[in-house]
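J.: Pasting a structure below so you can have a look.
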Amino acid sequence: MTKTPATAQAPVASAPKRSLTPRRRAREYALQGVYQSLVMRRAGSLPNAAAIAKQLAEDPGFRRCQHDLFQGIFAGVLERTDELEGIITPALDRPINELSPVEHAALLIGVYELAMDLSVPYKVAINEAVELAKTFGGTDGHKYVNGVLDLLAQKLRSTEIQAG
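Quick note: the sequence shown uses this note's numbering, first residue 550, plus one each step.
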């Protein structure tokens, strides 16, 4: 009687579980919309915010996001892109158009929340933008986003930072 050796199976690596709260989902959809807008701008087209928002809303997961937060961030970033880029640019070590569109979009969202939505604590604004860059960006893009936003928070939220 011969025994066949048991086949060893490698443990299946599961993807890390992401916390997809309605607020995180809203920021993820906002990132996707801002990304689309940036790519269109870089290609020389004028982005249609309503068409982008409509397309994103057709995704089944969209119904589980916090719609007012999505709309506030998405519309706010698109309405103020030039102003937000003016805030970001001095903190960069390269021209803004050399950033990956994901890092660019994450920075725009982070700076929007730091500069325009004081109800969001600065640490939350930075962390959420970093998490977006980790989820959708390149290998170390989140580190760059973190460094830039941390530097900008010193200027935009100095009182909050000093208060601890």
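Heads up, the beta-carbon is just placed ideally off N, CA and C, and yes, glycines get one too.
Quick one: complete alpha helix (DSSP H) runs, 4+ long, within the stretch 616–689?
T.: 616–628, 630–637, 650–665, 671–685
J.: In chain order, what residues of the same chain have a beta carbon less than 8 Å from the beta carbon of Leu698, not counting five sequence neighbours either side?
T.: Start at 1 with the first residue of the sequence shown, and residue 698 comes out as number 149. The residues are Leu656, Gly659, Val660, Leu663, Ala674, Ile675, Ala678, Val679.
J.: Buried or exposed, going by whether 16 or more other CB atoms sit within 10 Å of the CB of Pro670?
T.: One-based indexing of the sequence shown puts residue 670 at position 121. Its Cβ having fewer than 16 others within 10 Å, Pro670 is exposed.
J.: Could you check which residue in Phe685, Gly582, Glu577 has the C-alpha nearest to that of Lys604?
T.: In the sequence shown, residue 604 corresponds to position 55, counting from 1. Position check: residue 604 holds Gln in this sequence, whereas Lys was assumed. Of the candidates Phe685, Gly582, Glu577, the one whose C-alpha sits nearest the C-alpha of Gln604 is Gly582.
J.: Count Cβ pairs between the stretch 601–618 and the stretch 684–691 that sit closer than 8 Å; are there 3 or more?
T.: no
J.: Classify Gln585: buried if its beta carbon has 16 or more other beta carbons within 10 angstroms, exposed otherwise.
T.: If you number the sequence shown from 1, residue 585 lands on position 36. So Gln585 counts as buried.
J.: How should Ala654 be labelled, buried or exposed, when 16 other C-beta atoms within 10 angstroms of its C-beta is the threshold for buried?
T.: As a position in the sequence shown, residue 654 is number 105, starting the count at 1. That one is buried.
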